[in-house]
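Numbering (my numbering), first residue to last: 238 to 858. We treat Cβ as the ideally placed atom computed from N, Cα and C, and that holds for glycine. Note sheet for the following structure.
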């Protein structure tokens with residue numbers, strides 16, 4: 238297998254910027270420690286373009302890959318960008334592939350998550366989040382908000398395209414990677430560990446795969462987001478785990494924002510010779526040695542489970558969690574059922590409790606999906622990209638279109654298993670609760686059922702009368718006899734469907750003796766080589782009344798993907814793992830304190846592996 242090429246290095250300019258000292262800083266912080274990448278953030282007033290040329294020459298001579306941050310967003314007064322076209326052309330001539338381009342910083346948080354005046358005086362009308370003359374806009378619906386965001390961010394991208402930058406990198410802590418790519422970026426970079434790494438790495442990796450992007454990366458803002466107490470031992474351990482998890486996840490760019498040279502966050506200050514900064518350098522050195530000694534196969538980890546980022550979804554990840562698309566002070570735009578649905582992914586990090594009656598199998602494999610990790614794939618991806626996965630699951634907001642129904646139908650025909658709710662079939666773009674289902678003909682083709690035009694309010698639970706049409710999936714089937722309805726959790730609205738080619742797997746039920754009702758809760762349809770599963774509630778899965786039912790089905794599909802995977806890791810939920818083509822298995826012990834022993838099962842053969850606390854271990858199966 239071809240070895241992946243990884244860029245690993247540091248950021249210059251987070252704690253001040255002296256143009257005459259940059260070459261010394263590059264030498265001391267990047268070249269001497271043996272790194273191969275630097276991101277430079279120019280600050281202060283305009284300076285002579287010759288400095289860019291000198292830096293490019295020095296970096297190229299030393300075979301260091303480089304990019305520049307905030308050239309356009311924080312250009313000096315009167316300029317659209319710090320770097321002029323002739324300078325870009327000259328640097329490309331000097332550096333070739335060593336010059337990556339410009340890095341756009343934090344557009345998702347700045348223009349879709351942060352309150353007005355978050356970084357600046359809210360009474361200053363000329364500056365907001367790095368964009369001059371930016372105004373918060375009131376949008377009519379999710380589509381208009383989505384397009385408004387892309388239009389805003391595209392202004393920076395267009396300047397870079399006019400400059401003929403070789404690439405446009407985009408560092409963002411939100412789940413907006415797909416929108417940043419739509420605006421013009423071609424190398425998404427996740428700012429971490431701001432939010433749940435399992436979820437956010439899946440988002441940026443899934444975006445890169447969906448659009449055939451050349452690279453994706455990670456940018457460690459650990460000084461501020463790794464913990465408030467800088468001397469806390471767990472914060473130091475967390476930095477090590479963050480880097481190792483990024484590597485396990487397939488990140489091809491690893492950048493440390495700050496901390497190796499100075500720490501100033503939270504009104505504290507630690508100089509370069511402090512134990513705090515020494516620990517940052519220790520982790521960087523350790524990771525650099527690991528990267529050089531290891532041969533991670535190219536192509537990223539193998540993934541067969543994907544969650545869908547729906548059309549116009551404004552969920553920003555863990556960042557913000559207040560209002561969508563910067564629509565502050567408008568209650569209908571506040572985080573609600575659609576956005577809270579994504580919390581299910583955070584729960585996937587833990588195994589099911591021992592007393593969960595819907596956990597099945599010889600081993601408890603409920604802690605990770607098959608092959609160890611999942612992706613979050615944009616619905617905008619073409620059908621070939623979507624069909625790379627075996628399991629496709631909807632969670633957050635989606636405005637359904639007939640075109641996307643055709644993609645999903647083809648996914649199932651080719652052998653995929655699809656899970657979604659009736660909420661995901663809604664064609665509406667407004668957040669007013671109106672329900673209008675997509676083409677009835679396409680719904681019947683995919684799910685084998687017809688919408689009867691009626692929404693029913695129901696407080697009952699569900700009775701699973703039949704097993705799944707996918708023999709790998711094991712539902713809590715209670716049959717027709719006396720049994721308790723499962724997952725009763727409150728009132729919710731359900732679309733009334735009548736099955737045609739599909740099969741009602743679970744019915745609404747309110748009683749112990751009741752066999753079933755005429756309100757299907759779970760419908761499945763065998764189509765081609767695959768299966769489509771529809772849960773009939775018209776509210777999103779984050780609604781607490783339907784959360785237990787949808788989450789149980791989702792969790793069983795995740796576990797089924799693991800039970801039927803030829804590679805299994807049995808043991809503690811603190812172990813994270815991923816598999817690369819050619820039989821390369823990475824195991825990471827995320828426990829801060831204790832060694833963990835797991836059983837690795839591959840092609841019927843078993844081996845026991847012990848990992849020390851924080852250890853990243855590679856096995857060749």
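Here residue 545 is near residue 630, since their CB atoms are less than 9 angstroms apart. For residue 844, DSSP records a beta bridge to 837. Residue 479 sits buried, since 16 or more C-beta atoms from the chains shown fall within 10 Å of its C-beta.
Residue 272 carries a coil assignment under DSSP once its states are collapsed to helix, strand and coil. Excluding residues up to 5 positions away in sequence, 608, 816, 817 and 818 lie with their Cβ nearer than 7 angstroms to the Cβ of residue 539 in the same chain. Only buried fits residue 775, as 16 or more other CB atoms lie within 10 angstroms of its CB. Taking a contact as a CB-CB distance under 8 angstroms, the pair residue 553 and residue 345 counts as one, their CB atoms being some 6 angstroms apart.
Between the segment 250-261 and the segment 468-486, the count of Cβ pairs shorter than 8 angstroms is below three; the stretches do not touch. Burial state of residue 425 is buried, judged by a 10 Å Cβ sphere holding 16 or more other Cβ atoms. Beta bridge pairing from DSSP links residue 507 with 500. Looking from the CA of residue 296, the closest CA among 266, 387 and 320 belongs to 266. In the three-state reduction of the DSSP assignment, residue 493 falls in the strand class. Within the same chain, and ignoring the five residues on either side of residue 284 in sequence, the residues whose Cβ sits closer than 6 angstroms to its Cβ are 256. Nearest neighbour of residue 533 by Cα position, chosen from 446, 240, 389 and 735, turns out to be 240. Taking the C-beta atoms as reference points, residue 726 is found nearer than 9 angstroms to residue 781.
Cβ-Cβ separation between residue 836 and residue 807: approximately 4 angstroms, consistent with a contact (criterion under 8 angstroms).
Burial state of residue 517 is buried, judged by a 10 Å Cβ sphere holding 16 or more other Cβ atoms. In the DSSP annotation of this structure, the continuous segment of the beta strand (DSSP E) that includes residue 629 starts and ends at 628-631.
Take residue 489, set aside five residues on each side of it, and the residues of its chain with a beta-carbon closer than 8 angstroms to its own are 241, 242, 243, 244, 452, 453 and 454, in chain order. Each of 556, 627 and 650 was checked against the Cα of residue 349, and the nearest Cα belongs to 556. Note: residue 826 is bridge-paired with 812 in the DSSP secondary-structure output. Its chain contains 453, 486, 487, 537 and 612 as the residues whose beta carbon lies nearer than 7 angstroms to that of residue 442, once the 5 sequence neighbours on both sides are disregarded; these appear in chain order. Beyond the five residues adjoining it in sequence on each side, residue 741 comes within less than 7 angstroms, by CB distance, of 757 and 760 in the same chain, given in chain order. For residue 745, the pairing in a beta bridge is given by DSSP as 699. By the beta-carbon neighbour count (other beta carbons within 10 angstroms, threshold 16), residue 248 is buried. Between residue 589 and residue 601, the CB-CB gap stays under 9 angstroms.
Of the candidates 329, 321 and 697, the residue whose Cα lies closest to the Cα of residue 786 is 697. Beta-carbon to beta-carbon, residue 438 and residue 418 are separated by about 16 angstroms, too far to satisfy the 8 angstroms threshold. Shown here for residue 561: same chain residues with a beta carbon closer than 6 angstroms to its own, the five before and five after excluded, namely 551 and 570 in chain order. The closest CA to that of residue 626, considering only 649, 641 and 639, is found on 649. The bridge partners DSSP lists for residue 657 are 771.
Secondary structure of residue 557 (DSSP, three-state): coil. Residue 433 is positioned such that its CB atom lies closer than 9 angstroms to that of residue 582. DSSP places residue 425 inside the beta strand (DSSP E), whose first and last residues are 424-429. When secondary structure is reduced to three states using DSSP, residue 641 falls in the helix class.
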